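Quick note on this note's numbering: the sequence shown kicks off at 7 and runs consecutively. Here's the structure, in structure tokens; my notes come after.
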Amino acid sequence: MDTPDIQLLTPQNAAQWNEVRALFTEYAEGLGISLCFQNFDEELTQLPGDYAPPRGSLLVALVEGAYAGCCAMRPLDNSDYPNACEMKRLYVRRAFRRFGLGRQLAEALLDQPEVAPIGLGARDSLRLEAGLCLYGHDIDTSTDPIEASLAWVSA
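Spelled out as structure tokens, the structure:
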């Protein structure tokens, strides 16, 4: 199997931010719950908002030139820990799943020079609350927990 051409980039122009809005909207619709309690509509209109450098960051993944996924980090100022941050909106479109793109996005976000290895990183727990898997592994009726790297939940 050939490895696809993958580019990870930070959105720089209006067209790229519109693609981010589309990815965020797909992410939210896939959850099956309203994100109004997170002021999601306001977040969409104000992008990059809290995800703007120097305290935030957002990456999109392009696979063979097509927008495939995103991952963002923002400061978590209401935490009891200094320099805390929250990883948000880790999403990979279904057609681009199964080759670790979610992990690549998360690792690339953490590897950025603006992200210092201090403080506390809190992963958005909404996916768990919605009964969805973490770490970019998808599970459905054709995939068991072991194949999805979720053995820890069935142990």
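All residues carry an ideal CB built from backbone N, CA and C; glycine is no exception. These numbers come from a predicted model, not from an experiment.
DSSP on residue i, reduced to helix/strand/coil?
i    : result
Y57  : helix
E92  : strand
L68  : strand
L41  : coil
Q13  : strand
L126 : Residue confidence is low: L126 scores 46 on pLDDT, short of 50, so the model does not pin down where it sits. Its coordinate-derived value is still stated next. Looking at L126 - three-state DSSP - the assignment turns out to be coil, as it is neither helix nor strand.
Considering residue i, what are the terminal residues of the alpha helix (DSSP H) in which it resides?
i    : result
G36  : A20 to L37
G108 : L107 to D117
D8   : D8 -> no alpha helix (DSSP H), and no H or E assigned at all.
D47  : F46 to T51
Can the beta-carbon of residue i be found less than 8 Å from the beta-carbon of residue j?
i    : j    : result
L68  : C77  : no
L107 : G75  : yes
L50  : L111 : no
E32  : R80  : no
E70  : P17  : no
R109 : F30  : no
A34  : F43  : no
Would you mind reading off the limits of the beta strand (DSSP E) that contains residue i?
i   : result
A72 : A72 to P81
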